Amino acid sequence: MLYSEKVMDHFTNPRNVGEIEDADGIGEVGNAKCGDIMKMYIKVNDGVITDVKFKTFGCGAAVATSSIATEMIKGATLDEALKLTNKAVVEALDGLPAVKLHCSVLAEQAIKSALSDYYSRQGIDPLPIVGEIGECEACH
Ligand code: FES
1 MLYSEKVMDH FTNPRNVGEI EDADGIGEVG NAKCGDIMKM YIKVNDGVIT
51 DVKFKTFGCG AAVATSSIAT EMIKGATLDE ALKLTNKAVV EALDGLPAVK
101 LHCSVLAEQA IKSALSDYYS RQGIDPLPIV GEIGECEACH
């Protein structure tokens, strides 16, 4: 079996799909090579992510990783969300085939992009906190 049960579960029944109209931060990242796009919306209250939704025009692994990533950051502090790595996301899914590892980077970058937008809206320079988001290195 190429994909774990968890991957199949999150792919066929993704959590937190959609958008948040009055989002406090919106992130959008794209993968130039495969053309996949991910959009992430967050709602923040008192430094805690109270709601998160995502939309993707991407592959199954991108859907599954974003789905579980949204579950992992919902209720988390901004700091905790920033520390979420694609590795942790892949582990939570019980692994991904090597050729699909880069898809999990899209989820991590979308979260960082949404946080970066959130800080900008607060009048805080996001660069020292979030850092460069850049493109998915695994895909180049
Ligand atoms: Fe592009 Fe998976 S193939 S994100």
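In the working numbering, the protein residues as written are 1 to 140. Even for Gly, the Cβ is constructed at its ideal location relative to N, Cα and C. Here the structure is a predicted model, which is why all the values come from computation and not from measurement.
Report yes if the C-beta of residue i is less than 7 Å from at least one heavy atom of ligand 1; otherwise report no.
{"i": "residue 95", "result": "no"}
{"i": "residue 2", "result": "no"}
{"i": "residue 61", "result": "yes"}
{"i": "residue 106", "result": "yes"}
{"i": "residue 86", "result": "no"}
{"i": "residue 100", "result": "yes"}
{"i": "residue 22", "result": "no"}
{"i": "residue 30", "result": "no"}
{"i": "residue 134", "result": "no"}
{"i": "residue 117", "result": "no"}
Just to confirm, are residue i and residue j a CB contact at a threshold of 8 Å?
{"i": "residue 24", "j": "residue 44", "result": "yes"}
{"i": "residue 38", "j": "residue 62", "result": "yes"}
{"i": "residue 72", "j": "residue 90", "result": "no"}
{"i": "residue 42", "j": "residue 114", "result": "yes"}
{"i": "residue 40", "j": "residue 30", "result": "no"}
{"i": "residue 65", "j": "residue 4", "result": "no"}
Over the uninterrupted alpha helix (DSSP H) stretch that includes residue i, give me the two end residues.
{"i": "residue 51", "result": "Per DSSP, residue 51 belongs to no alpha helix (DSSP H); it is in the beta strand (DSSP E), 48 to 57."}
For the beta strand (DSSP E) containing residue i, name the first residue and the last one.
{"i": "residue 7", "result": "From DSSP, residue 7 is part of no beta strand (DSSP E) but of the alpha helix (DSSP H) over 5 to 12."}
Among the residues of its own chain, which have a CB less than 8 Å from the CB of residue i, if the five just before and after it don't count?
{"i": "residue 2", "result": "97"}
In its own chain, which residues sit with a C-beta less than 6 Å from the C-beta of residue i, not counting the 5 before and 5 after it?
{"i": "residue 116", "result": "126 and 130"}
{"i": "residue 110", "result": "27, 29, 38 and 40"}
{"i": "residue 57", "result": "37"}
Please work out which residues of its chain come closer than 7 Å, Cβ to Cβ, to residue i, disregarding the five sequence neighbours upstream and downstream, and give them in chain order.
{"i": "residue 85", "result": "108"}
{"i": "residue 60", "result": "11"}
{"i": "residue 15", "result": "67, 70 and 71"}
Give, in chain order, every unbroken run of the alpha helix (DSSP H) that is at least 4 residues long and sits entirely within the segment 82 to 139. Counting only runs of 4 or more, we get 86 to 92, 101 to 121 and 127 to 130.
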